[in-house]
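**Student:** This is the structure, below, for whatever I ask next.
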Amino acid sequence: MSEPVLEAAGLRKVYPTRAGADFTAVDQVSLTLEKGETLGIVGESGSGKTTVAKMVAGMIPVTSGETRLSGKTLAASGRSKADKRDIQYIFQDPVSSLNPRMKVRDIIAEPLKLYFKLSPKEIDARVDTLLGDVGLPLEYRLRYPKELSGGQCQRVGIARALAAEPSVIVCDEPTSALDMTIQSQILELLKDLQRSKGVSYLFIAHGLEVIYSISHRVMVMKEGKVVEEGETADIFHRPQHPYTQSLIGAIPRIQIPQFD
Ligand SMILES: Nc1ncnc2c1ncn2[C@@H]1O[C@H](COP(=O)(O)OP(=O)(O)OP(=O)(O)O)[C@@H](O)[C@H]1O
Ligand SMILES: [Mg+2]
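Quick note on this note's numbering: the sequence shown kicks off at 15 and runs consecutively.
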């Protein structure tokens, strides 16, 4: 099998507490992600999903453990510009993740300017291509985030992540703030982009329906640890761990009322 795009081994995050005793938010979490693959991460609130994602993305320092990108070990903190470019992050709240004082055009151009040597004309052309990639009309270039819907803001967030041409995008509950129809449109967009660009996703969600529809493999977290990991179909149809069984058992089944 080919080398994974991303590997994390033995990630651990300990926070000091005011009471004096340390709190272990994440303990010995390891994961792999292949090219073009989506690994879903599920688990109750506070189970450490975001902490794992942020350590992988280099946004917070690890207590111990390491992350490798295409076989290369990444610096635990102070990553190089090239390494930062290669792992992008899409946030839960699409509106507040965008600078309200910047136009859509400038938000998407920011990573282009930071990571690539491009002329203003080339940047303009790339912005237009990216807007097309995420299904936004070109005239939105001059709008501010507040002039867009939540779903449209998330499309801008996706375009900004794609602008860096990353091999991995961490999606931390990217659809939780959106209503159901918009949620499925954004999921379809992310799947299309994965097919066309071969990007890999580390995808965090509360909703198991979302995880089921987008993930190739699923990792279940509880209290900072991985309790179960496997192919999506196996996790959903043959969950082994009692915690996973309880999560799957709690998925609401649609009850269609009988009229007679
Ligand atoms: N900066 C911090 N200082 C202290 N504790 C923290 C810090 N950040 C997170 N934690 C704690 O670490 C644990 C894991 O938090 P994390 O945000 O990773 O959970 P999560 O699984 O993403 O939850 P949610 O589904 O609600 O987003 C929580 O108990 C949280 O309170
Ligand atoms: Mg979180």
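Beta carbons: idealized from backbone N, C-alpha and C, even for Gly.
These numbers come from a predicted model, not from an experiment.
Under 8 Å, with one C-beta from each stretch per pair, do the stretch 156 to 165 and the stretch 187 to 197 reach the 3-pair mark?
**Tutor:** yes
**Student:** Determine the burial state of residue 105: buried for a count of at least 16 other Cβ atoms within 10 Å of its Cβ, exposed for fewer.
**Tutor:** Answer is buried; the Cβ neighbour count reaches 16.
**Student:** Of all Cβ atoms in chain C, is any one closer than 9 Å to the Cβ of residue 111?
**Tutor:** This model lacks chain C altogether, as it is built from one protein chain only.
**Student:** Residue 244: which of 43, 53 and 24 sits nearest, CA to CA?
**Tutor:** 53
**Student:** For the alpha helix (DSSP H) containing residue 67, name the first residue and the last one.
**Tutor:** 63 to 70
**Student:** Alpha carbon to alpha carbon, how far is residue 40 from residue 137?
**Tutor:** 40 Å
**Student:** Determine, using beta carbons only, whether residue 257 and residue 234 come nearer to each other than 9 Å.
**Tutor:** yes
**Student:** Where residue 270 and residue 159 are concerned, what is the direct C-alpha to C-alpha distance, given to the nearest angstrom?
**Tutor:** 39 Å
**Student:** Helix, strand or coil: how does DSSP classify residue 1 here?
**Tutor:** Nothing about residue 1 can be reported from this structure: the residues present for the chain run from 15 to 274 only.
**Student:** Taking the C-alpha atoms as reference points, what is the distance between residue 114 and residue 25?
**Tutor:** 34 Å
**Student:** Say the cut is 8 Å; is the CB of residue 172 nearer than that to a heavy atom of ligand 2?
**Tutor:** Using a cutoff of 8 Å, the CB of residue 172 does not count as near ligand 2, since none of the ligand's heavy atoms is closer than that.
**Student:** Return helix, strand or coil for residue 209, following the three-state DSSP convention.
**Tutor:** Three-state DSSP puts residue 209 in a helix.
**Student:** Straight-line CA distance for residue 73 to residue 151?
**Tutor:** 32 Å
**Student:** Use the C-beta contact count for residue 135: other C-beta atoms within 10 angstroms, 16 or more gives buried, fewer gives exposed.
**Tutor:** That one is exposed.
**Student:** Considering only C-alpha positions, which residue in the set 119, 169 and 176 is nearest to residue 156?
**Tutor:** 119
**Student:** Could you tell me which residues DSSP puts in a beta bridge with residue 186?
**Tutor:** 218
**Student:** Straight-line CA distance for residue 172 to residue 273?
**Tutor:** 44 Å
**Student:** Which runs of the alpha helix (DSSP H) at least 4 residues long sit entirely within the stretch 93 to 177? Give them in chain order.
**Tutor:** DSSP assignment within the stretch 93 to 177 yields the following whole alpha helix (DSSP H) runs of 4 residues or more, N-terminal first: 95 to 100, 118 to 129, 134 to 147 and 164 to 177.
**Student:** Assess, as a yes-or-no matter, whether the stretch 87 to 105 is touched by the stretch 62 to 73 under the definition of 3 or more beta carbon pairs within less than 8 Å.
**Tutor:** yes
**Student:** By Cβ distance below 8 Å, which residues in the same chain neighbour residue 255 in space, the five residues on each side in sequence not counted?
**Tutor:** 234, 241 and 242
**Student:** Ordered along the chain, which non-local residues of its own chain (more than five positions away) have a Cβ less than 6 Å from that of residue 65?
**Tutor:** Taking residue 65 as the centre and dropping the five residues before and after it, the same chain places the C-beta of 27, 39 and 40 closer than 6 Å to its C-beta, in chain order.
**Student:** Near ligand 2, which residues have their beta-carbon less than 7 Å from any of its heavy atoms, given in chain order?
**Tutor:** 63, 64, 186, 187 and 218
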